[in-house]
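The structure appears below as structure tokens.
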Amino acid sequence: MSDIYLKLVNTPVGKTAAQSLGLPSPAPLKRLKRVDQPFIEGDVLIGAGPGAKAVATVGAIIGASPATMLHASGQTTLADSALAGNKAKALDLTSDVNGKFSALVFDATGLKGPQDLRALYDFFHPTIRKLAANGRVLVIGQDPHTCRKAPQAAAQQALEGFVRSVGKEVGKKGSTANLIWIAPNAENQLDSSVRFFLSARSAYVSGQVVRIGKADKAKAGNPVAPLAGKVALVTGASRGIGASIAETLARDGATVIGLDIPPAMEELHKVTDAIKGKALACDITDEKAPKLIADFIAKETSGVDLVIHNAGITRDKTLGNMPEHFWDMTIAVNLTAEELIDEELMSRELLRNNGRIVCISSISGIAGNFGQTNYSCAKSGVIGYVEAMAKQLKNGVTINAIAPGFIETQMTAAMPFTIREAGRRMNSLSQGGQPVDVAEAIAWYCSPASAGVNGNVVRVCGQSLIGK
Ligand code: NAD
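Note that full-length UniProt numbering numbers the sequence shown so that position 434 is 434, with each residue one more than the last.
So this is what it looks like as structure tokens:
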């Protein structure tokens, strides 16, 4: 689907016209071009607040970038390991900062109370204007739920308001701001998330907060094919977001089983044939569907590692006008089927150890939406399901959700013009996302290195103004 306004406004005439009329001027987002490109290019500035605990780990992850620079405030001493192996140097923000940075990264894990929040101002005030277009702001804090003292919990929670506001300030240049909260001693789980949030893969993810817990440290995998040897089931894979998820997981090395309703088989085969995957015709609301899917997996691959519950429908009507079958179908496809499929796969031990389940919610499930009581109800239910299951799953299996905002697909192309335009523009990046933006976030959840990422709901919505 194409956003003609975005193209027009990025021509010289269009830019001038938009500025003089006070219209939004969305910046074109830089997405991944080659799978083997460095996850970040250009200079990165890393700052550390008092008592910072993750800076050495973060420095080591970013170490390959051409010129990583570090700044420490308060009593933090930068560990040698953060500086080793790259061109990093400690610098004075008031005199040494020249040129533009592709990312500003700040370790706030050691903030103990409101008095320490000044470190945010000290680091970002002199540097935020030096963030390049399509830049990244990433703050790392300690999960407030794990803070024993109230002032510490207050300081860590404060990071959320800070980061969400920064996202709104930097979005007009296509830049993003996100927050990672880690559990104590979970620094070794940061790798996949730091790489994702600093890379072009997270182009449409802004204003998000991710919790990372303790888990076994993943072995370093193949950087260009991290999912090699994995089998993925993707529902609703014949088009839109599902087709992009199938292609992205296959790009990362997975063998994909694409599933869709029987009338979509021709389209589904186009997708699965191109990625050497398998196609399964199945209506997930059929009472025999869980068994059919499990039998197919047992026969074809003897197990599955990645289960992506993408299939979804909308049947919009205001509540008083909504026919019964609109309600029933929407709950059945978007929520009940996911639970029944997982139950069958797990009871037959077809979901392998260290598996990944990803469910697709929606910002409508967070904020509600006019005419979507059925859809919002189901998509909120998805969040409840994910949060509860995250506490129960064993054998290294994780479950997370993505809540897309406005993504350019056939689903959103069918919206009335004014609602579609409002959906596109009402976010910090002033544009809709692409299916691949959702797919890249799913690939990050699915990475073997994301073992500590569990029970999260990340919005891929350009920081939509609707909802939290
Ligand atoms: P889409 O309508 O283009 O694709 C949905 C796919 O699901 C289709 O291929 C369809 O045939 C399949 N499907 C529907 N019912 C099925 C059933 N009973 N059994 C098997 N397959 C079935 O939608 P999309 O825009 O690509 O959305 C994908 C997911 O993302 C959905 O869960 C949707 O609710 C969610 N979402 C999309 C947006 C957006 O802006 N596009 C926003 C929020 C959430």
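Even for Gly, the Cβ is constructed at its ideal location relative to N, Cα and C.
On a predicted model such as this, the values are computed, not experimentally measured, just so you know.
What's the C-alpha gap between residue i and residue j?
| i | j | result |
| --- | --- | --- |
| R31 | G277 | 25 Å |
| V205 | S199 | 11 Å |
| P323 | K214 | 46 Å |
| T409 | E247 | 16 Å |
| L280 | I293 | 8 Å |
| L345 | A378 | 21 Å |
| R420 | A150 | 43 Å |
| V231 | G174 | 34 Å |
| G455 | P28 | 32 Å |
| H269 | A54 | 46 Å |
| R459 | K288 | 32 Å |
| L83 | G59 | A caution first: L83 carries a pLDDT of 44, below 50, which makes its placement in the model unreliable, though a value can still be read off. Taking the straight line from one Cα to the other gives about 7 Å. |
| K172 | I366 | 24 Å |
| A449 | K219 | 7 Å |
| G467 | K299 | 43 Å |
| V453 | Q189 | 8 Å |
| M265 | G253 | 23 Å |
| G355 | L306 | 6 Å |
| V234 | I257 | 6 Å |
| A274 | R34 | 18 Å |
| L6 | S430 | 9 Å |
| S464 | A422 | 11 Å |
| E267 | A243 | 9 Å |
| A413 | S2 | 9 Å |
| H325 | D316 | 11 Å |
| F124 | R164 | 14 Å |
| L335 | R148 | 36 Å |
| I4 | N185 | 48 Å |
Kindly indicate which residue of the options has the alpha-carbon position closest to the one of residue i.
| i | options | result |
| --- | --- | --- |
| S302 | E349, G167, L319 and D191 | E349 |
| V194 | L104, G161 and F296 | L104 |
| N178 | N395, F196 and E187 | F196 |
| H309 | A281, D273 and I245 | I245 |
| L259 | A439, A225 and S238 | S238 |
| M329 | G320, T412 and A311 | A311 |
| Q208 | W181, G135 and I399 | W181 |
| T318 | G49, N374 and T412 | N374 |
| A153 | P126, R136, D116 and I128 | D116 |
| A228 | D216, A218 and R251 | R251 |
| I357 | V139, R201, W444 and D283 | W444 |
| R211 | K291, I241, I399 and V137 | I399 |
| F101 | L159, T127 and N369 | T127 |
| G51 | V44, T57, D107 and K7 | D107 |
| Q37 | C282, G47 and V224 | V224 |
| Q142 | H125, L111, L120 and F417 | L111 |
| R118 | D295, L393 and F162 | F162 |
| A158 | M389, G113, L138 and E169 | G113 |
| A132 | I40, A218, G49 and G63 | I40 |
| P226 | A414, I442 and S361 | I442 |
| G405 | M415, I363, Q434 and M426 | I363 |
| I284 | V438, K33, F124 and P262 | P262 |
| S361 | T314, E266 and L351 | T314 |
| G371 | W327, E267 and G253 | W327 |
| K394 | S2, G99 and A451 | A451 |
| E160 | L233, K391 and L120 | L120 |
| R352 | E339, V304 and G432 | V304 |
| K168 | K130, M426 and G433 | M426 |
| T109 | G99, I140 and G47 | I140 |
| A56 | E338, E187, K130 and N134 | E187 |
Taking the DSSP output, what are the residues bridged to residue i?
| i | result |
| --- | --- |
| T235 | L259 |
| C461 | C461 pairs with nothing; no bridge assigned. |
| Q142 | I182 |
| F101 | L131 |
| I4 | According to DSSP, which records beta bridges pairwise, I4 is partnered with nothing at all. |
| F123 | None; F123 has no bridge partner. |
| G433 | I407 |
| Q208 | N178 |
| L306 | A232 and R356 |
| I331 | Per DSSP, none; premise fails for I331. |
List the whole-angstrom C-beta distance separating residue i from residue j, where the pair is believed to meet the contact cut-off of C-beta under 8 Å.
| i | j | result |
| --- | --- | --- |
| S25 | S192 | That pair is no contact at about 33 Å. |
| V386 | C359 | 6 Å |
| R201 | T176 | That belief does not hold up - the Cβ atoms of R201 and T176 are roughly 11 Å apart, past 8 Å. |
| S428 | G462 | 6 Å |
| I241 | I383 | 18 Å between Cβ atoms; not a contact. |
| V457 | A403 | 6 Å |
| P290 | I341 | 5 Å |
| N369 | S376 | 6 Å |
| A203 | T146 | Going by Cβ atoms, the distance from A203 to T146 rounds to 30 Å, so no, they are not a contact pair. |
| I46 | I61 | Going by Cβ atoms, the distance from I46 to I61 rounds to 10 Å, so no, they are not a contact pair. |
Any heavy atom of the ligand ATP closer than 8 Å to the CB of residue i?
| i | result |
| --- | --- |
| T272 | Questions concerning the ligand ATP fall outside what the structure shown contains, since the ligands it does hold are the ligand NAD. |
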